[in-house]
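4 protein chains.
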Amino acid sequence: MTLKLGVIGAGAIGKEHIRRCTHTLQGATVVAVSDINADSVRAAIELSGINAESYSDAYEVIKASDVDAVLVTSWDPTHEEYVLAAIAAGKPVFCEKPLAVTAEGCRRIVDAEIKAGKRLVQVGFMRPYDEGYQALKLVIDSGEIGVPLMLHCAHRNPEVGENYTTDMAITSTLIHELDALRWLLNDDYRSVQIRFPRATSATHARLKDPQIVLLETQSGILIDVEIFVNCRYGYDIQCEVVGEKGIASLPEPSSVRLRSAAKLSTSVLMDWKDRFIKAYDTELQHFINDVKAGKLSGPSAWDGFAASVAADACLKAQETGETVNITLPERPAFYQQ
Amino acid sequence: MTLKLGVIGAGAIGKEHIRRCTHTLQGATVVAVSDINADSVRAAIELSGINAESYSDAYEVIKASDVDAVLVTSWDPTHEEYVLAAIAAGKPVFCEKPLAVTAEGCRRIVDAEIKAGKRLVQVGFMRPYDEGYQALKLVIDSGEIGVPLMLHCAHRNPEVGENYTTDMAITSTLIHELDALRWLLNDDYRSVQIRFPRATSATHARLKDPQIVLLETQSGILIDVEIFVNCRYGYDIQCEVVGEKGIASLPEPSSVRLRSAAKLSTSVLMDWKDRFIKAYDTELQHFINDVKAGKLSGPSAWDGFAASVAADACLKAQETGETVNITLPERPAFYQQ
Amino acid sequence: MTLKLGVIGAGAIGKEHIRRCTHTLQGATVVAVSDINADSVRAAIELSGINAESYSDAYEVIKASDVDAVLVTSWDPTHEEYVLAAIAAGKPVFCEKPLAVTAEGCRRIVDAEIKAGKRLVQVGFMRPYDEGYQALKLVIDSGEIGVPLMLHCAHRNPEVGENYTTDMAITSTLIHELDALRWLLNDDYRSVQIRFPRATSATHARLKDPQIVLLETQSGILIDVEIFVNCRYGYDIQCEVVGEKGIASLPEPSSVRLRSAAKLSTSVLMDWKDRFIKAYDTELQHFINDVKAGKLSGPSAWDGFAASVAADACLKAQETGETVNITLPERPAFYQQ
Amino acid sequence: MTLKLGVIGAGAIGKEHIRRCTHTLQGATVVAVSDINADSVRAAIELSGINAESYSDAYEVIKASDVDAVLVTSWDPTHEEYVLAAIAAGKPVFCEKPLAVTAEGCRRIVDAEIKAGKRLVQVGFMRPYDEGYQALKLVIDSGEIGVPLMLHCAHRNPEVGENYTTDMAITSTLIHELDALRWLLNDDYRSVQIRFPRATSATHARLKDPQIVLLETQSGILIDVEIFVNCRYGYDIQCEVVGEKGIASLPEPSSVRLRSAAKLSTSVLMDWKDRFIKAYDTELQHFINDVKAGKLSGPSAWDGFAASVAADACLKAQETGETVNITLPERPAFYQQ
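Chains as they are written, first to last, in our numbering: chain A, 2 to 338; chain B, 2 to 338; chain C, 2 to 338; chain D, 2 to 338.
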């Protein structure tokens, strides 16, 4: 049985997911595509060589009788309404991050899903599907390093464009750690503080770069995350978990070891797409499999809401320079694992 | 369009390939399975939950009108006849290594394929599909380390069973290097010599373990391969290419880095299945894609023949202690790349 | 010409320095030793097999006509008076850290030395003499990683005794970083904040362990130092300098690489003495050479004062939980390099 | 008590050892220097600022009443006669490698020393004093990797001059491994075979580069040593010991770890002097201490003889392409440890 997917939003990410479903993943086929731009729909369909219906109205995709499940890859501010519509239609929906552009919007989706009485939403947080993070979680959960006490993390990009501003260090960059670290530690955040070191000369007036984010969790784990989006040397994701009796660090990406020109070296990736490409495949394959099995298990609407609440606090911490509390309502029984 | 596969041989590897085609790969479905043991066929079909026809006669699978291509995963001595039958039927065939149990058998397949006028055979050598080997080949081909002069390789298993004898270090173990290194270097072998160091106390009377194999290529590259199948500590595949101006080594498998108990460590795999599991997926996906595209490009019957010729020389080198020439006929134009 | 040394304080460190001067270093000999405990003097002299005069009064050592220079290795609270006496006697003095137990005490030494018109004091900060830190400083100063923006450091001990309390994380442990990082960066501190993560279960009521110290320098470099003195797994000193275009990290101590029991590992030291043993030799050899050359160049009284001012601020930051300013008077011209 | 040394040969190595004894080591002073070139003597004395007698006749140095021990750093062909003269004079002698230019010459020294009834000779093999080799030997001797079965070694130089010829790969380069590996394994050699891979284009007509040396020990350990003296990328000494249950490798020299320009790297040394500089200090300090203690324990005349016998066999193996036996007489009781 092949799962029939409708895709809302045929921009870069939409095209990429259509290609992925068509040529890489198993068990699904894209049967409907919509975009406000008809040319984009056409291009996406041609690019992947699929035989899909094109729509100008996203709601038509959701309603289409041959669409079993929906992928939302449209403009961020439209995510909320399409996810709510999919829930209303009783159709499983995979929504690219952010689930909604406000915490309130995420909360409305959570409420709608609970009311629907069944998990219908998976948010596009892919790091929990990365083999490195999974291996790291296995080590933590094994007790080998004891109870985690501190995390030292870094999220470094070689460079960003002129449009990238200080707040985007949270909403576009840290958002991945905000989700992944909750999952890794099985814990929620209690507070956040942000410090700004001396700025790199490679940045511009509207971007303070780098930043140091200090998150504290409910259980008291202290996390420092260095965000440095003009670090020049590579795309480098680090996560070191300091436990009571040992330290476990995220694997370095596999690389040929080279002895050359007075150096013993391995490669650091330059393009973020190379780092998590398999995780993107895995997250969507999981969604497909879970929908077919009738039970979603990936990052939930609640996870999207929690990340959004934390991100809001981070933005306030950026502005005020103070330690800002992160207050998440109690996790509904519906989302207990 | 889904490729319909017939599988000959429903033992461990057959079952694994059926599962792979059904649940991991894209674009193929297993429609026919045969084995001399009817229970095995039944078990394989049930295990993967497929809807396939079961046969007792392998030739029926090859002839079945709904079978587009054949996978040969039967007992080694039967490979040759089934591959020849598939060629005769004009059907693409993926044959697990060895292609045939003798070099002469491999040669007969080569001759049959040339006569058929079209590449129909892919041999199950998976290392060229391993990401690590591919990355290593990219570095070599880039010229970054200059012309290769020497290779230092190791093939280590934690242990082998009592049935594993000295000759199997060639036919079951080194055979992978014999294929992979030809591909890596774009070169053929000229001679081989084998030296036996002091044996490990973990071995038995009929197995000299470890062994050092010294291969020389046509271009003069000198390759040493340590084969050590009771090394205890792990399954460890090493390949270091020494070039005129630098050295490139196969990536270590990605692993969590651990600081614990006075050690800074990463993991070494213990199970060979974990090392090349993705390469097995990739080689078969490639076969499926290539068959659908009408043009095979993976390890060819000629590659199977070349590995077999080299393996025969290695066996003779084991017995005689002498340097044995490896004489491969000129590569037919049919197999030029 | 051999430098004749008088040693004040024949406890563990005193004995060790006497042994070092006698059996490891070049160009000096210990001719006088004092301690409030006459047995300790006797033991120290016997242990190193030297032919030295024993004194009960430290001032006699300083005054002794055959003593060219003085080593102060007595009880911390006595350092200040002996160093001041050595300055008054015009004799070069190597004083183990701390230079004095208060910043005011350090300042009195600075003032006395300036008044003496000549550098006479070297403080026993040995990390600048460590080959690893020196190599790291070379890389920073070369400009290879660009201007430093952040430092991520760790100071981890496997365990500490019951007498070790929260404040000692500053005065006995961080004190080394407080000196070494000023030297490494050629910068002074502006402020400090201390955060307490969840405590390890291996600690006791009077020791909050671990701690995260956040130092900001005058040029805006943000430094985080993890202090974790019951980390169990080893004695581990880390220092990662994040610059505008690259990152340089302190070398790991050299170690045999081991493949064993499913691990690829190197050793982590368990004993702090093994980590900096050569640096102790080098600092004292430098003092000897500098005294003979008539010009001290090692860690100065000013450096001792600066570390003390920073340590005081850290203690206040521990108590208040606030960001505490670190205000150092302008560096006197006397100490300009 | 200071040991008074006489140095025979004031060329580069002589000057270096005089500087070492004068400014780095402890407990010795150079009181006499000879060279066939009087200017060299003068230069050496001035360079180190010592107050030594200069001689034109080496025998005068050996006979000088104020000379306690002799360092022979003269032209290789003169080593034997000066060492024999020192033995005859009953004076301890440290002789730079080679002990003599023929195995017979070494044997004459062995015989003379045995006749003298006391160890008087230390040969300048410094690798056993290298901390890395010592750490490796500790691991082997601990039994952690089990009984050694194979060694994979490499001796790589970035480049050599035009005067360096094929035989010097043995006499100037491999000679270090020939000594160090006997010591490391507590074993002697049984045979040697040499294979010549494709030559690097960076070599010249009289130098086959690289070479692979295959040594077998009396206990059956098989050693491969890659000698590659124009490897371009660095001075790199590798030694990997494969035991029955694990593998131990020589430590990489300590180095700053760098993340820069898409690489994660450490440094490879370019200059051999940087690699073993501390080992040179240690070997000579050991000689000084041992002479003062009345009992030599470093590389002996027998070790010099054994290395010479092995080197002769290697030269024959280079010429013949055959496996050549290495036949060492039984070790005299005099040299039992």
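All residues carry an ideal CB built from backbone N, CA and C; glycine is no exception.
- Excluding five sequence positions before and after A:K5, the CB atoms of its chain that fall closer than 7 Å to its own CB belong to T30, V32, D67, V68 and D69, given in chain order.
- A:R207 is classed as exposed because its beta carbon has fewer than 16 other beta carbons within 10 Å across all chains shown.
- The three-state reading of DSSP puts D:D275 in helix, counting H, G and I together.
- In the same chain as C:H153, and ignoring 5 residues on each side of it, the C-beta atoms closer than 6 Å to its own belong to D225 and E241, in chain order.
- When Cβ-Cβ separations below 7 Å define contact, C:R258 makes no contact with chain B.
- Contact annotation for B:A203 against chain D: E245 [CB-CB distance below 7 Å, chain order].
- Between C:M151 and chain A, the shortest Cβ-Cβ separation is below 7 Å.
- The beta carbon of B:S261 falls within 7 Å of a beta carbon belonging to chain A, placing the residue at that interface.
- Exclusion of the five residues before and after D:C107 leaves L100, A101, G305, F306 and S309 as the residues of its chain whose Cβ lies within less than 6 Å of its Cβ.
- Just measuring C-alpha positions, the residue of B:Y236, B:K138, B:P159 and B:T172 sitting nearest B:D188 is B:K138.
- Within the same chain, A87, I88, G91, K92, P93, V94, E114 and L297 come within 8 Å of D:L121 by CB-CB distance, once the 5 residues on both sides are set aside.
- Close to A:G133, with beta-carbon spacing below 7 Å, are these residues of chain B in chain order: S255.
- No residue range can be given for C:L270, since it is assigned to no alpha helix (DSSP H) and is classified by DSSP as neither H nor E.
- Inside the segment 175 to 209 of chain D, DSSP marks whole alpha helix (DSSP H) runs of 4 or more residues at positions 176 to 186, from first to last along the chain.
- Nearest in C-alpha terms to A:Y83, of all of A:E61, A:D210 and A:S173, is A:E61.
- The C-beta distance from C:S268 to C:S256 rounds to 4 Å, short enough to fall under 8 Å.
- DSSP places A:D142 in no beta strand (DSSP E) but in the uninterrupted alpha helix (DSSP H) bounded by E132 to S143.
- The C-beta distance from B:S35 to B:I9 rounds to 5 Å, short enough to fall under 8 Å.
- A straight line joining the alpha-carbon of A:T25 with that of A:H18 spans about 10 Å.
- Pairing A:I14 with A:T74 gives a Cβ-Cβ distance under 7 Å.
- The Cβ of B:Y234 sits closer than 7 Å to at least one Cβ of chain D.
- With a cut-off of 8 Å on Cβ pairs, the segment 276 to 283 of chain C is not in contact with the segment 264 to 283 of chain B, counting fewer than three such pairs.
- Only residues of its own chain outside the window of five on either side were considered, and among them V73, H80, V84, V122, V124 and G125 have a CB closer than 7 Å to the CB of B:C96, listed in chain order.
- Here B:T324 carries a coil assignment [DSSP, helix/strand/coil].
- Beyond the five residues adjoining it in sequence on each side, C:G50 comes within less than 8 Å, by CB distance, of T23 in the same chain, given in chain order.
- For D:I213, the chain B residues whose C-beta falls within less than 9 Å of its own C-beta are M151, L215, L223 and D225, listed in chain order.
- The Cβ-Cβ distance between A:I146 and A:G28 does not fall below 7 Å.
- Between the segment 220 to 238 of chain D and the segment 156 to 174 of chain D, the count of Cβ pairs shorter than 8 Å is three or higher; the stretches touch.
- Assigned with DSSP and collapsed to three states, A:G50 falls in coil, not helix or strand.
- Under the DSSP assignment, B:G106 falls outside any beta strand (DSSP E), being part of the alpha helix (DSSP H) whose first and last residues are A104 to A117.
- DSSP, reduced to helix, strand and coil, places A:C154 within a strand of the structure shown.
- DSSP, read as helix, strand or coil, puts A:A70 in strand.
- Closer than 7 Å to the CB of D:P252 there is not a single CB belonging to chain B.
- Each of D:A45, D:A200, D:Y190 and D:V230 was checked against the Cα of D:L215, and the nearest Cα belongs to D:Y190.
- For C:Y56, the closest of C:V71, C:A45 and C:A39 by C-alpha to C-alpha distance is C:A39.
- Non-local C-beta neighbours of C:I195 in its own chain, meaning closer than 8 Å and more than five positions away in sequence, comprise Q212, I213, V214, L215, C315, A318, Q319 and G322, ordered along the chain.
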